[in-house]
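Count along the sequence shown starting at 1, add 1, and that's the number in our numbering. Structure, as structure tokens:
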Amino acid sequence: MSHIDGFVLPVKRADKAAYVEAARKMTALYLAHGAMRCVESWGEALDPGQRTSFPRAVEALEGEAVVFAWMEFPDKATSNAAHEAVWSDPETEKLMGAGLVDGARMIMGGFETILDVT
């Protein structure tokens, strides 16, 4: 089964359009390097929760939304190679230098798909 890389991150609501444009560019880079699917989701109905929640996990501040995103790869090796290629691309540095994402509050991880039902 496929490999999924997932991300949860805070983004200023006022920067939504700029974030979407940057995400489109990053998606194109990842698709060119083996990603089969890239999904970006803008939080709309997120309860801050009493103990845990998406907003709490990324320490979302007033005026920030939470983005939930994932990329699907055929396997972990392709994921690793894609990340290495994308993060060594000068375009990535330009996109990340725009200050749209606070990487210190981003949660990310790789996952083995164990069930995929459509």
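Every residue gets a Cβ at the ideal spot worked out from N, C-alpha and C, and that includes glycine.
Beta-carbon separation (whole angstroms), residue i vs residue j, contact threshold 8 Å
{"i": "V67", "j": "L47", "result": "6 Å"}
{"i": "I115", "j": "M37", "result": "Actually they are not in contact, since the Cβ atoms of I115 and M37 sit about 17 Å apart, beyond 8 Å."}
{"i": "H34", "j": "A86", "result": "5 Å"}
Three-way DSSP call (helix, strand, coil) for residue i in this model
{"i": "A66", "result": "strand"}
{"i": "M72", "result": "strand"}
{"i": "L101", "result": "coil"}
{"i": "T119", "result": "coil"}
{"i": "S80", "result": "helix"}
{"i": "A61", "result": "coil"}
Residue from the options with nearest C-alpha to residue i
{"i": "G50", "options": "E60, S42, G98, P11", "result": "E60"}
{"i": "K13", "options": "A29, W88, A33, R106", "result": "R106"}
{"i": "G98", "options": "A78, A19, M37, F8", "result": "A19"}
{"i": "A24", "options": "L32, E41, T114", "result": "E41"}
{"i": "D16", "options": "V102, S89, C39", "result": "V102"}
{"i": "F8", "options": "D90, T119, G104, I115", "result": "G104"}
{"i": "T28", "options": "M2, L96, R52, F55", "result": "L96"}
Residues bridged to residue i [DSSP beta-bridge criterion]
{"i": "R108", "result": "What sits at residue 108 in the sequence shown is Ile, not Arg. Answer is V9, bridged to I108."}
{"i": "E113", "result": "H4"}
Legend entry - Ranges of the alpha helix (DSSP H) found wholly within the region 4-52, counting only runs of at least 4: List check, alpha helix (DSSP H) in window: 17-33.
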